[in-house]
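Protein chains in written order, with the UniProt record's numbering: chain V, 1 to 462; chain G, 1 to 462; chain W, 1 to 462; chain D, 1 to 462.
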């Protein structure tokens with residue numbers, strides 16, 4: 001690996017790619033990349049070509065001799081890669097629009113990684129991931145898979161625990177955002193506080209200590225509803241109920257709002273759903289359109305400012321820094337999705353958790369969190385069980401496991417409208433769910449179809 | 001103990017007492033009772049007197065020389081008791097009416113042992129239980145506490161795990177009902193099948209084997225939606241979704257319907273709520289009135305037929321048989337709430353679970369169930385965490401823990417109306433929640449009160 | 001199965017068989033056996049023929065129409081069997097003589113199931129067991145394997161946990177002996193006390209309760225060094241050190257003496273070793289010779305009294321009663337080796353333990369023991385780890401794992417003479433250790449051979 | 001704390017103190033010490049005075065304005081301390097001589113931290129530690145206790161888990177020695193490899209990875225018997241048996257030799273025991289005499305070279321660096337004794353383990369090791385159970401627990417001579433074992449006394 005790194009980016013046509021490139025350019029002195037392969041699928045061909053052009057201009061402007069390749073041939077890209085990053089979105093933003101609109105139409109939260117939408121994103125993604133891992137076994141058996149395809153924790157669990165590919169680390173920008181923005185709430189600067197995270201991706205808590213070792217978790221909690229309080233911009237900032245937070249004695253991530261202030265979060269989503277702008281996914285589709293208009297500009301040779309609107313702040317920093325830490329054996333703490341191994345004793349030892357870990361050339365070594373108290377423990381165990389059911393459903397096209405996941409998920413109604421959401425999502429995503437090939441036709445025969453006209457149009461177009 | 005057993009029944013004025021007496025009379029040859037003390041509180045004085053009369057007539061008719069005492073002095077009754085049975089209801093049926101009506105008014109399930117109502121029943125009961133256990137330490141340190149006050153599992157956990165009184169067994173009739181009525185679904189008779197239960201009170205599963213050792217769980221599952229399918233009459237029989245059951249490979253108890261077919265169960269409850277007859281609690285209050293009218297009849301000297309309508313079938317059989325098994329060192333299997341000790345490895349070793357156990361003079365020795373799969377494990381862990389929060393709230397008047405319990409409980413809306421239910425229940429039960437003495441007045445000052453006129457009237461009367 | 005049971009007994013030529021037959025005859029009314037197949041290997045042909053004759057005479061005398069077959073063809077015997085019992089001894093008593101003499105010569109305990117000898121008995125037996133299980137998969141996939149081949153716990157772990165044959169129960173007479181003889185120590189009769197066992201085969205503890213539920217463990221402990229104190233006759237009765245027993249608050253089985261009074265036990269064994277009579281194995285060989293002389297007598301048609309000298313009292317009772325409990329779905333408590341599943345939480349959930357369990361047609365359901373305290377926990381965990389190493393060594397011919405087992409075993413010297421014992425045992429048992437086919441010749445080339453002339457003669461003869 | 005650090009060193013009269021001072025002087029720029037209090041007991045008065053003089057000269061020579069105090073009044077020293085270091089030895093080297101000679105006389109290993117001697121060192125030390133912790137609660141409730149009094153792991157467990165003083169970290173130089181000397185075995189330099197430790201103090205294993213993340217554990221193992229192979233000089237370098245090491249796939253610490261090559265280690269100790277030079281303790285006493293002769297020299301103002309002979313290399317570096325990491329919130333990995341919390345899942349969550357941990361102002365956060373395989377798991381669990389028995393014995397003067405510890409310890413003979421060792425050690429250390437005040441006189445009455453004349457003389461002198 002030492003004569004220059006080969007990176008393969010699956011989903012290279014993503015509008016995020018320029019951010020990733022910026023991260024690599026910034027670190028080039030430490031991280032001597034030789035070649036970057038941007039891979040995408042047939043439907044993403046045009047976007048890949050635009051991104052490929054911009055990428056080349058960015059590296060040229062930076063003055064570094066890195067080869068940029070774009071390809072629809074995944075095998076070619078993976079051959080002898082040192083790092084594979086995954087940031088693809090099966091079905092593109094249209095699929096996400098369905099994930100959001102169908103639940104919302106039935107009065108449930110529709111969101112990219114939570115609730116019914118998150119479950120279906122996993123269902124579509126895991127089979128593709130199986131293909132990638134299979135290719136990697138043959139073509140780059142020593143490569144690290146740096147996953148930031150969502151739902152990042154579930155995908156990482158599928159890759160490590162079920163497919164048995166141990167050289168995988170899952171990443172997310174949410175912990176970074178907390179560590180960057182929370183210190184200001186108590187008059188501190190980023191880097192001055194000591195963070196300790198544990199939980200699942202998009203479902204973790206953290207405790208914080210100052211330079212003298214004093215725990216400041218409680219002090220930060222008192223300000224958590226001020227400003228953005230450490231929450232990504234893409235999550236509506238419904239106030240956290242303080243009693244529960246004080247009782248838990250830990251700071252939840254922004255996504256916990258969906259579970260702890262469920263009604264308020266839902267109300268906000270429904271409001272967006274019923275306006276012209278539409279759901280977050282529809283807004284993102286518009287943003288993406290604007291971004292690609294900019295990217296086409298042959299004069300542009302750096303990441304445009306507008307990209308930050310997407311809510312993925314620090315995502316590429318997390319990814320590039322993780323690769324850097326592995327390549328240079330840095331032994332620094334980061335928050336990643338990796339094997340539990342006892343870090344959270346109330347969860348299975350071999351499951352994937354999102355925790356503070358030391359990153360070195362040998363991978364991620366989690367730091368222990370210790371026993372969890374009642375409410376945190378119960379929620380966490382429930383969510384892990386739900387994740388396991390989702391993965392079971394995705395890998396085996398198992399409809400019973402899928403229904404179990406729906407039953408367990410606190411954001412989905414048990415019975416009633418929940419059943420309709422399940423059926424409509426199956427039908428809407430038929431193209432990307434071949435393993436449910438015996439279920440979906442039956443539903444269609446029974447006359448099920450989405451009750452949302454937007455979804456129906458998207459499905460017919462697909 | 002051998003010269004005759006002394007039994008103290010806390011909540012002796014309950015309309016169930018005749019059933020309990022019938023159970024003891026039936027077993028008198030094996031279980032030589034010397035004296036029975038029926039204890040109640042001042043507000044239950046009249047009912048106690050009626051029950052006391054009937055009880056004496058029943059024993060007289062049976063021809064056994066058992067002394068019957070009624071008293072408002074708990075200490076007197078507990079002194080040197082061999083067995084203490086608890087079947088009291090703090091705040092009587094009026095409190096249950098509030099537990100049911102307040103959540104329903106806000107569109108959530110109102111039920112005696114599940115959801116917000118069940119949580120408040122525990123809040124009212126645990127402090128009283130602490131007083132009983134304190135008395136028992138002094139007055140009858142070797143007595144067994146046979147608890148069937150609901151929520152039976154939570155109360156038993158509070159007594160054994162938190163108060164440290166190990167000689168306690170929690171009972172419930174739900175498993176007995178399954179074992180009596182399910183065999184018929186596959187052409188068998190009660191006693192021909194071999195049952196294995198594990199879970200929590202009102203939240204357990206079972207597997208069943210026939211005389212040749214073959215598992216018949218799957219066969220029974222296929223008929224579970226027929227007739228009453230093993231479910232107590234007091235639970236609405238919404239059909240179980242078969243996919244989930246087949247995927248779980250275990251038979252849920254009837255109460256699981258509230259979690260697995262939540263919407264349908266809620267719809268039924270709301271329908272009852274809006275009719276003349278009112279909620280289950282209101283129906284029970286009417287039934288109780290009728291029963292006491294019968295009980296007053298000086299000619300009556302046996303349990304009247306109408307009592308069975310209350311849904312407590314086999315309750316007293318379970319209690320009397322458990323006492324019998326302890327007294328006579330029977331070493332027979334029963335389903336009871338007792339210490340886990342590894343029977344369900346995914347739950348804390350020292351928590352209380354409802355499991356198949358061998359009952360002898362040495363108490364209950366559970367049989368192991370083994371590892372639980374995804375969905376069952378997740379639900380169970382969530383519910384146990386919720387129970388722990390409820391007990392924490394009850395013992396310390398801890399409002400944060402109470403809100404955590406509300407957040408965890410799948411039958412309560414997170415935020416929104418859920419918060420209102422919490423506040424209205426606190427105010428409605430003020431009289432029986434002295435440990436929330438600093439919270440409730442604040443709420444009242446803020447102008448909170450129940451939005452349900454029935455509840456308001458009951459609260460003013462209390 | 002119901003038209004009559006087919007039983008296959010592997011190792012049918014054993015001198016124990018008449019006892020087993022007696023057990024079946026006694027239970028014939030409940031346990032309607034149709035045919036019994038006694039299987040043995042070529043070397044055991046003559047003994048099998050003698051036993052076959054006696055067996056036929058015994059059944060004839062009993063007047064029951066049971067077919068008796070003797071065969072060297074295991075497949076024929078297993079075909080459609082309902083129960084398979086295993087009581088074979090790979091290498092016969094000559095192998096056991098080596099297991100005992102080689103360690104003793106080097107100053108370490110030589111014993112059938114403990115120390116280096118026990119490890120080598122497992123090494124020889126497990127590969128044969130793999131063949132039996134393979135046959136059973138094809139020929140009698142619903143049969144129960146009732147194992148009493150020693151070391152019974154290790155063999156049962158290999159069968160259930162490693163070979164995946166779940167319909168297996170391991171048996172031992174040691175718990176029965178305790179339950180039969182201990183009550184007398186405190187003036188009770190067998191059956192009047194309630195026993196609870198947990199641990200590993202030949203390494204378990206028990207607690208005892210009387211008819212009123214009072215624990216009498218402590219009372220029995222105070223008398224444990226009197227008479228035989230519940231210990232099989234084949235174990236030397238070195239006094240237990242009372243301080244440790246009182247501190248453990250549980251009654252050890254007789255075999256614990258090897259670990260808790262190691263020096264005294266060793267001294268006794270060495271004494272026997274140096275006398276004319278020789279080790280226990282040599283005494284047994286003599287006893288066996290006498291027994292077979294009796295068995296040949298065509299007038300003999302019942303189990304001769306002398307058989308009981310062998311220390312296997314109640315063995316066949318345990319086996320026959322276990323088969324009876326399964327066949328008749330008895331749901332009675334017995335002490336068996338079966339899957340842990342949480343019964344002993346400090347051991348792996350899927351390992352095999354020897355515990356009190358309820359036996360029914362569905363197999364063995366253990367009762368929980370709960371958390372173990374320091375010394376018991378530590379010893380037990382050590383022994384289970386040692387067992388795992390032994391099985392690993394046996395299944396894969398893994399010399400590293402074998403050395404780990406030697407290192408862990410408290411009865412074997414680490415380094416020094418321990419290494420010699422290992423090498424001499426490997427050489428002495430070469431014939432029965434094909435999986436160590438690459439190790440043993442190397443040792444022989446290096447000039448290793450047993451330093452004991454008796455062993456050398458036996459090895460040359462084999 | 002920020003205006004200058006106050007350090008209190010219990011056992012300040014130790015010959016190690018100059019090394020500790022050197023460590024502090026080296027780090028003064030980062031670690032601004034204001035005052036150091038050297039505390040000792042009456043019997044150590046003279047040594048304390050000599051050390052006090054040297055310490056003052058060292059700091060004066062260094063040119064830093066640090067106040068040095070010597071005192072016999074522990075309270076005065078602890079008042080408002082920021083860090084308390086413990087390096088005392090109850091009964092001085094004479095006690096260690098007894099710990100080594102008594103077991104050796106009976107043919108068992110006598111060693112400072114292993115076997116019977118290590119157990120008795122803990123018995124003498126824990127009650128003194130209880131006094132220190134009690135003082136700290138009152139006088140310096142925010143101080144960190146940095147323990148390097150041996151047996152360091154047991155003492156740290158007693159302090160954290162049993163006395164509940166959480167601000168405690170246990171240290172040992174053994175891991176540092178491995179990390180400094182092993183890399184050379186495979187042509188690397190210290191710092192180039194990535195270490196991961198787990199186990200108990202003086203009973204841990206490690207795995208090693210190179211800069212490219214490749215595991216080099218196996219490569220190092222192949223050279224472990226060369227040169228000192230990472231083992232402290234005070235441990236005899238009997239060759240490790242390679243089969244076992246290869247099978248374990250982890251590198252043991254030097255002390256494992258006592259357990260894995262027990263016979264060879266014992267032989268070496270016995271050899272020393274029978275020579276003029278005597279046991280290690282006697283050699284140390286001589287070395288100490290020489291050191292104090294040097295220390296008296298008023299010209300000496302730095303640590304003399306001869307100190308390194310004592311085998312405590314890097315000890316003070318470990319201590320000073322740990323204090324530095326806490327004070328400056330360094331977040332660096334070190335190997336320390338701290339709470340397990342799941343780092344080693346097969347040990348109790350709340351026990352103390354020696355593991356790689358990140359040290360910051362918030363204390364030690366261990367990194368997970370994950371599940372352990374058979375032999376390592378078994379040994380580790382046994383040793384932890386033994387430690388628990390020792391602590392129980394020390395805190396409650398519990399003779400049963402002490403005997404359990406002896407039974408569990410693999411270096412002590414069960415029964416036989418082991419019992420004599422126990423009794424002789426109790427008598428020899430009577431002065432420092434007040435909690436065994438009812439046991440020891442009984443033994444003396446029975447006529448027990450040490451059979452070693454050296455021990456008898458030391459005991460009479462004490």
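Ideal Cβ placement from N, Cα and C applies to all residues, glycine included.
By DSSP, does residue i sit in helix, in strand, or in coil?
| i | result |
| --- | --- |
| residue 2 of chain G | Because the pLDDT at residue 2 of chain G is just 47, under 50, the model does not fix this residue reliably, and the value given afterwards should be weighed accordingly. If DSSP states are grouped into helix, strand and coil, residue 2 of chain G belongs with coil. |
| residue 474 of chain V | Absent from the structure is residue 474 of chain V, since the part of chain V shown begins at 1 and ends at 462. |
| residue 207 of chain D | strand |
| residue 93 of chain W | helix |
| residue 38 of chain W | strand |
| residue 388 of chain D | helix |
| residue 366 of chain W | strand |
At what residues does the beta strand (DSSP E) containing residue i begin and finish?
| i | result |
| --- | --- |
| residue 196 of chain D | 194 to 200 |
| residue 169 of chain G | 168 to 170 |
| residue 334 of chain D | 332 to 339 |
Does the distance from the CB of residue i to the CB of residue j come in under 8 Å?
| i | j | result |
| --- | --- | --- |
| residue 160 of chain V | residue 168 of chain V | yes |
| residue 9 of chain G | residue 38 of chain G | yes |
| residue 163 of chain D | residue 78 of chain D | no |
| residue 203 of chain W | residue 274 of chain W | no |
Any idea if residue i is buried or exposed, counting beta-carbon neighbours within 10 angstroms, 16 or more meaning buried?
| i | result |
| --- | --- |
| residue 479 of chain D | A question about residue 479 of chain D goes unanswered here, because the residues of chain D that appear run from 1 up to 462. |
| residue 239 of chain D | exposed |
| residue 176 of chain W | buried |
Since residue i is in the alpha helix (DSSP H), which residue starts that stretch and which ends it?
| i | result |
| --- | --- |
| residue 145 of chain W | Per DSSP, residue 145 of chain W belongs to no alpha helix (DSSP H); it is in the beta strand (DSSP E), 144 to 147. |
At least 3 beta-carbon pairs within less than 8 Å: the segment 259 to 277 of chain G vs the segment 409 to 425 of chain V: The segment 259 to 277 of chain G vs the segment 409 to 425 of chain V: in contact.
Below 8 Å, how does it come out for the segment 386 to 394 of chain D and the segment 113 to 129 of chain D: are there three or more Cβ pairs, yes or no? They touch, by the three-pair rule.
Please confirm if the segment 192 to 203 of chain D is in contact with the segment 226 to 240 of chain D, defined as three or more CB-CB distances below 8 Å between the two stretches. Not touching, per the Cβ criterion.
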